[in-house]
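Here the structure is laid out as structure tokens; the discussion comes afterwards.
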């Protein structure tokens, strides 16, 4: 009965935390373009994602967008993502619970995964929901492989093969999602029964080997598609030519961002508290080494997870010839450090004999604070600012009186000057959509499709131009100034004046 209750709470947690973002009316960058492309260019999304090595992503995304006609209906995809992230939390809890973690610790880690910054982005960005699907496939694959290792004969082979298939599905959906399997691997290794270092090494090698086999198979499959001319290959599918520069980038960006767990980096001015959180998490992880690793074998396990497994967790991004710093690519890496931090807490509880109620209180408070941060981040840094952009574009579209040669000019905002949020990071938290010419045009097209769902009236058309400055001295029927964003939200002059008076 208790297990069902915990599972139910984990499933409902993301819906409660992310409801304001899920139900808000907005799109996020590619959302607008894909709404149009799925109708005007059937199959194009699959071709586009296949060029990035993600054919499954395109297939499921295209299928999910077929019945989405308006921007407001993108909330369906965000809800789907929230449900899948809840399933991720349940699978993490279930795996840890089976591996020797206490009920409360396993549930807290499962809940923490649900509210990681990467999960916040996946839920807040409608077209990112297949990433959550890939996470579910990766966790399912690990559970099957681990279950297979504990069996013999034909059952063992079937379980391992099924797990490999799920790994492959995850890899062909979103490569970094497949790597999320390293999180349960770390959690199981830390509490695995004491055998021998050789046994640990063979167990880890088997798990990571199967995971990399799936990634290689996915890479070969997409390379075959490219070779047969079925789709273009993007530059990021090539291998990184400057490995030492990439390692420096890894140490400066993905590594601290992941160690910080729930504290967000800021592209403009990262606050001191971010680095304080990083130092605090490192200290908690080291407590796991000091108090939890009681013998040589356990110390080797901890050192492997802390020093080597992060490179496995981020191996796809390290190998690719791009430097993506978005939180949606950090879920496997964040998961590894979350496990190490949880193990540190577990070690302190065991070492000092912390009462169960006190432990439960700390875990509940921890999850509560993290859930609050996730709710605030998705609302104030994703849903609300993106909604403001959408409403400004809709207002411009509603003012247009169509003729046979109507002319529209949108003044695009620039980042970071015209953002409506105080904080900004990558193309996710606090970022702008309409600062790109193509995105601003797609937003306006979406607004016009909603105004005229059956198409523009016969004999009418419009020409849309965008730019960063005022329009040239040519007659325009409508001029929409999206720079007004800076007068809205957190950076509104009235709010700043009130804050300064305080």
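In this note's numbering, the protein residues as written are 200 to 701.
Glycine is no exception: its CB is placed at the ideal position from the N, C-alpha and C atoms.
According to DSSP, which residues form a beta bridge with residue 608? 664, 678
Checklist line | Simplified DSSP assignment, three categories, for residue 602 | finding: strand
Is residue 597 buried or exposed, if buried means 16 or more other CB atoms sit within 10 Å of its CB?
exposed
Practice prompt. Taking residue 600 as the reference, give the member of 647, 561, 632 with the closest Cα.
Written response: 647
Inter-residue Cα distance where the pair is residue 702 and residue 559:
Not covered by the structure: residue 702. The range shown for the chain is 200 to 701.
Q: Quick one: which unbroken alpha helix (DSSP H) runs of 4-plus residues sit fully inside the stretch 346-377? Chain order, please.
A: 352-372, 374-377
Next item on the list: Mark residue 406 as exposed unless 16 or more other C-beta atoms lie within 10 angstroms of its C-beta, in which case mark it buried.
Entry: buried
What residue from 264, 222, 225 has the CA that sits closest to residue 242's CA? 264
Report task. Just mark residue 441 as buried or exposed, buried being the case when its beta carbon has 16 or more other beta carbons within 10 Å. Result -> exposed
| query | residue 628 bridges to which residues according to DSSP? | reply | 624
Please identify the residue among 595, 609, 614, 580 whose C-alpha is closest to the C-alpha of residue 620.
580
Can you name the residues that DSSP bridges to residue 438? 519
Straight-line CA distance for residue 268 to residue 234?
7 Å
**Request:** Please work out which residues of its chain come closer than 6 Å, Cβ to Cβ, to residue 341, disregarding the five sequence neighbours upstream and downstream, and give them in chain order.
**Result:** 380, 383
- request: Let me know the beta strand (DSSP E) ranges lying completely inside the stretch 299-328, each 3 residues or longer, listed in chain order.
  value: none
**Request:** Please report how far the alpha carbon of residue 587 lies from the alpha carbon of residue 683, in whole angstroms.
**Result:** 10 Å
Own chain residues within Cβ distance below 6 Å of residue 693, not counting five before or after: Its pLDDT being 47, under 50, residue 693 is placed unreliably in this model, and the value from its coordinates should be taken loosely. Same-chain partners within the cutoff: there are none.
For this session: Quick one: measure Cβ to Cβ for residue 462 and residue 449, integer angstroms, because I've assumed they're closer than 8 Å.
Result: Going by Cβ atoms, the distance from residue 462 to residue 449 rounds to 19 Å, so no, they are not a contact pair.
Quiz item: For residue 391, which of helix, strand or coil comes out of DSSP?
Solution: coil
Is it right to say residue 624 is buried, meaning 16 or more other beta carbons lie within 10 angstroms of its own, or is it exposed?
buried
| message | With distance defined between alpha-carbon atoms, name the residue in 413, 505, 681 nearest to residue 611. | response | 681
How many Å lie between residue 700 and residue 685 at the Cα?
At residue 700 the pLDDT is 46, less than 50, meaning the model places this residue with poor confidence; the figure from the coordinates comes in the next sentence. If I take the Cα positions, the gap works out to 20 Å.
request  = Using the Cα positions of residue 403 and residue 418, report the straight-line distance between them to the nearest angstrom.
outcome  = 22 Å
Exercise for the section: Determine, using beta-carbon pairs with one atom in the stretch 367-378 and one in the stretch 325-333, whether at least three such pairs fall under 8 Å. Expected result: yes
ask   = Run through DSSP, which three-state label would residue 240 get?
value = coil
| query | Any idea what DSSP makes of residue 686, helix, strand or coil? | reply | helix
Is residue 636 closer than 8 Å to residue 613 when the C-beta atoms are compared? no
- Does DSSP put residue 231 in a helix, in a strand, or in coil? helix
Starting from residue 614 and walking both ways along the alpha helix (DSSP H), at which residues does that stretch end? Segment: none, residue 614 is in no alpha helix (DSSP H) and carries neither H nor E.
Touching by the beta-carbon criterion (3+ pairs, under 8 Å), the stretch 307-318 and the stretch 520-529 = yes
- Task: Identify, in the order they occur along the chain, each residue of the same chain with its Cβ nearer than 7 Å to the Cβ of residue 310, setting aside the five sequence neighbours on each side.
- Result: 209, 212, 288, 566
Going by the beta-carbon positions, is the gap between residue 375 and residue 520 smaller than 8 Å? no
Would you mind sorting residue 667 into buried or exposed? The rule is 16 or more other CB atoms within 10 Å of its CB. exposed
Is the number of C-beta pairs between the stretch 495-509 and the stretch 277-296 that are closer than 8 Å three or more?
no
Cutting at 8 Å between CB atoms, please list the residues of its own chain near residue 538, excluding the five before and the five after it.
308, 382, 385, 386, 389, 504
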